[in-house]
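The opening residue of the sequence shown carries number 33 in my numbering; numbering runs sequentially from there. Glycine residues also receive a C-beta, built at the ideal position from the N, C-alpha and C atoms. None of these values were measured; they are calculated from a predicted model. Below is one structure, written out as structure tokens, with a few remarks after it.
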Amino acid sequence: MEQHQGSNESATLNLLLTQSYPMQLFSRRSFTPMAMGIALAIAGIGFHCKETRAQSPESKPFSLSAAIQYGIDHHTASLNAREDILSSKARIREITSIGLPQVRGSYGVTDNFIIQKVIIPDGRLFNPNAPPGPLALEFQPQYGGNANVTLSQLLFDGSYLVGLKAAQTFAQIAIKSREMTHAQISENIQKAYYGVLVGQHRVDLLEASLVRLDSALLEMKIMLENGVIERLDVQRVELQRNQLLTETAKIAQLRVLALLLLKFQMGYPLGDTLLLSEQLVNIPLLTNEAIPSAYRDLESFKARPEASLLELQIKGNDFEIKNLQAGYLPSVGLQVQRGALAGAGQFNQVLDPGGNWFAYGSVGLGINWNLFDSFNKRYKIQQKRIEKIKNERLL
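Laid out in structure tokens, this is it:
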């Protein structure tokens, strides 16, 4: 099947994307601005796709299954869904790392160019011969250094435990979202593919009718010359022929638009040739008996990606509520610090590792407890419960 390509296709698709028209399906008298929207109506576009800028694929015929697979591999929505899964896995590792040991190190040097003094209420406490009154003394060197390493470990945090479980659920949501994306891409490509075949079939029928009409018109002209029929009869057939030519041109243009839509749904380069290997007679029609039980049986419907995604979202709402409730509990952490202090009258002495450095160390256990937050978490929990109710109604 010969396909259309080139700059005309790109220009036509740009026109489609900047207009909004009601849906038509290759109507015999609908090649108006209304009919120009046919290509977008065929597939009920639910995704946005950008033209591939990489090396053009080979111009080989695409079967319906090959077109669907190409769309799943190249459609922007599919690629983004794949990245969402990677992002969710990274999010799980991020949350997990919060509960693992944290090690921090620091080093600092201080120049006390004006040394802070300590005020003694009465100088005679240190020197009986001193005059009465306060006495200012210096108890630190001009230059100081501090180097330390701190190890901290989270011992208990209710929000952390809930967050670990919730992260797994959100990763499952990303996977289900990708399944839904693939299903929508597949459906859109099937509709667009079928639209191209329908357009080509109508063009073939009209061209065959045109051939028969030309043959009949030739015979009628001979009969007119022999006086068998009137000129009005010939003119009527000529008018029908002109109408058929116009209709053929309209349907051919609509087929070009349908082909552009198919490229668009596949993520296929708009300027490249796209060949289809399927024939209209080989595409099975969806009858009532062939409708999947997922559309007619409630239990089967719950196995569909849409229902599974809603269930996961409800589960995610539960985790969000539990996470907020865990905020009422205290968090417990352990901290171990080891370091050294230095003090000297000259700057280079502070920089010397073998200089006047004095080691220190400490171990601490900390408990943080948010006793009252003016009902902030309470109102957040109310919002999450409302979201859960809305999702349950959709299910």
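Beta-carbon proximity list for L196, same chain, < 7 Å, skipping 5 on both sides: Within the sequence shown, numbered from 1, the residue matching residue 196 stands at position 164. Hits under 7 Å: I127 and T128.
Residues bridged to E170 [DSSP beta-bridge criterion]: The residue given as residue 170 occupies position 138 in the sequence shown. Its beta-bridge partners are K149.
Rounded straight-line distance, which links the Cα of G155 to that of A162: Position 130 of the sequence shown holds residue 162. Position 123 of the sequence shown holds residue 155. Rounded to whole angstroms, A162 to G155 spans 6 Å at the Cα level.
Where the beta strand (DSSP E) containing I466 begins and where it ends: This structure leaves residue 466 out entirely; the chain is present only between 33 and 427.
CB-CB length for L293 against A339, believed under 8 Å: Indexing the sequence shown from 1 puts residue 293 at position 261. Indexing the sequence shown from 1 puts residue 339 at position 307. Their Cβ separation, rounded to whole angstroms, is 29 Å, which puts L293 and A339 out of contact at 8 Å.
3-residue-minimum beta strand (DSSP E) runs that sit fully inside the stretch 88-165, ordered along the chain: 134-143 and 149-152
For E115 and F94, the rounded distance between their alpha carbons: The residue given as residue 94 occupies position 62 in the sequence shown. The residue given as residue 115 occupies position 83 in the sequence shown. Computed Cα separation, rounded: 27 Å.
Three-state secondary structure (DSSP) of F407: If you number the sequence shown from 1, residue 407 lands on position 375. F407: coil per DSSP, three-state reduction.
Distance CB(A374)-CB(G177) smaller than 8 Å: Taking the first residue of the sequence shown as 1, we reach residue 374 at position 342. Taking the first residue of the sequence shown as 1, we reach residue 177 at position 145. The answer is yes: Cβ separation under 8 Å.
A290 versus R210 - alpha carbon distance: Locating residue 290 in the sequence shown gives position 258, where the first residue counts as 1. Locating residue 210 in the sequence shown gives position 178, where the first residue counts as 1. Taking the straight line joining both Cα atoms gives about 26 Å.
Backbone secondary structure at S11 - three-state DSSP: Residue 11 lies beyond the stretch modelled for the chain, which goes from 33 to 427, so this question has no answer here.
Coil, strand or helix - Y175 by DSSP: On the sequence shown, residue 175 is found 143 positions in, with the first residue counted as 1. Strand.
Three-state secondary structure assigned by DSSP to I418: Your numbering for residue 418 matches position 386 in the sequence shown. Of the three classes helix, strand and coil, the one that applies to I418 here is helix, per DSSP.
For I207, the nearest candidate out of S97, S119 and L403 (CA to CA): Here residue 207 is taken as the residue at index 175 of the sequence shown, counted from 1. Comparing Cα-Cα distances from I207 to each of S97, S119 and L403, the minimum goes to S119.
Buried versus exposed, by CB contacts within 10 Å (16 or more), I135: Within the sequence shown, numbered from 1, the residue matching residue 135 stands at position 103. Contrary to the premise, residue 135 reads as Val rather than Ile in this sequence. By the neighbour-count rule (16 or more Cβ atoms within 10 Å), V135 is not buried but exposed.
First and last residue of the uninterrupted alpha helix (DSSP H) at S340: For the purposes of this step, residue 340 is identified with residue 308 of the sequence shown, where counting begins at 1. Here the alpha helix (DSSP H) through S340 covers P337 to A358.
Collapsed DSSP secondary structure at N314 in the structure displayed: Mapped onto the sequence shown, residue 314 falls at position 282. Correct three-state label for N314: helix.
Stretch pair the stretch 299-317 + the stretch 369-384: three plus CB contacts closer than 8 Å: no
Alpha-carbon spacing of D189 relative to P362, whole angstroms: Position 157 of the sequence shown holds residue 189. Position 330 of the sequence shown holds residue 362. Their Cα atoms are separated by approximately 7 Å.
Environment of E310 [buried if 16+ CB atoms lie within 10 Å]: Translated into positions along the sequence shown, residue 310 becomes position 278. Counting Cβ neighbours within 10 Å, E310 comes out buried, since at least 16 surround it.
Beta-carbon proximity of E194 to F351, cut-off 8 Å: Taking the sequence shown and counting its residues from 1, the one referred to as residue 194 is at position 162. Taking the sequence shown and counting its residues from 1, the one referred to as residue 351 is at position 319. Looking at the sequence shown, residue 194 is not Glu but Val. Against a cut-off of 8 Å, the Cβ pair of F351 and V194 comes out as a contact.
Spatial neighbours of I100 in its chain, beta-carbon cut-off 8 Å, leaving aside the 5 residues before and after: To locate residue 100, count along the sequence shown from 1; it is residue 68. I217, S218, I221 and Q222, listed in sequence order.
Cβ-Cβ distance between V368 and V395 below 8 Å: Here residue 368 refers to the residue found at position 336 of the sequence shown. Here residue 395 refers to the residue found at position 363 of the sequence shown. A contact, by the Cβ cut-off of 8 Å.
Residues bridged to V368 [DSSP beta-bridge criterion]: On the sequence shown, position 336 is the one that residue 368 refers to. V368 is bridged to L183 and V395.
Cβ contact check for the stretch 226-234 and the stretch 389-408: 3 or more pairs under 8 Å: no
Q381: first and last residue of the uninterrupted alpha helix (DSSP H) it sits in: What you label residue 381 is simply residue 349 of the sequence shown in a count that begins at 1. Segment F379 to L383, the alpha helix (DSSP H) holding Q381.
L427 (DSSP reduced to helix, strand or coil): Residue mapping note: residue 427 aligns to position 395 of the sequence shown, counting from 1. Three-state DSSP puts L427 in coil, outside helix and strand.
Per-residue burial, M66 [other beta carbons within 10 Å of its own, 16 or more giving buried]: Taking the first residue of the sequence shown as 1, we reach residue 66 at position 34. With a pLDDT of 35 at M66, under the threshold of 50, the modelled position of that residue is not reliable, and the figure given next carries that caveat. By the neighbour-count rule (16 or more Cβ atoms within 10 Å), M66 is not buried but exposed.
Minimum C-alpha distance to N274 - residue among N349, H106, K121 and L242: Along the sequence shown, read from residue 1 onward, the residue named residue 274 stands at position 242. Among N349, H106, K121 and L242, the Cα nearest to that of N274 is on L242.
Cβ-based neighbour list, P133, same chain, cut-off 8 Å, excluding 5 preceding and 5 following: Here the question's residue 133 lines up with position 101 in the sequence shown. Taken in chain order, the residues that qualify are L183, S184 and Q185.
Inter-residue spacing [alpha-carbon to alpha-carbon] between E239 and E424: On the sequence shown, position 207 is the one that residue 239 refers to. On the sequence shown, position 392 is the one that residue 424 refers to. About 55 Å.
E244 to I104 span [Cα, whole Å]: Sequence index remark: in the sequence shown, residue 244 carries index 212 (1-based). Sequence index remark: in the sequence shown, residue 104 carries index 72 (1-based). Looking at the sequence shown, residue 244 is not Glu but Arg. Each residue's alpha carbon lies about 44 Å from the other.
Those residues which DSSP pairs with S363 across a bridge: The sequence position of residue 363 within the sequence shown is 331, counting from 1. Bridge partners of S363: N400.
Spatial neighbours of Y102 in its chain, beta-carbon cut-off 6 Å, leaving aside the 5 residues before and after: Counting from one through the sequence shown, the residue named residue 102 turns up at place 70. M298.
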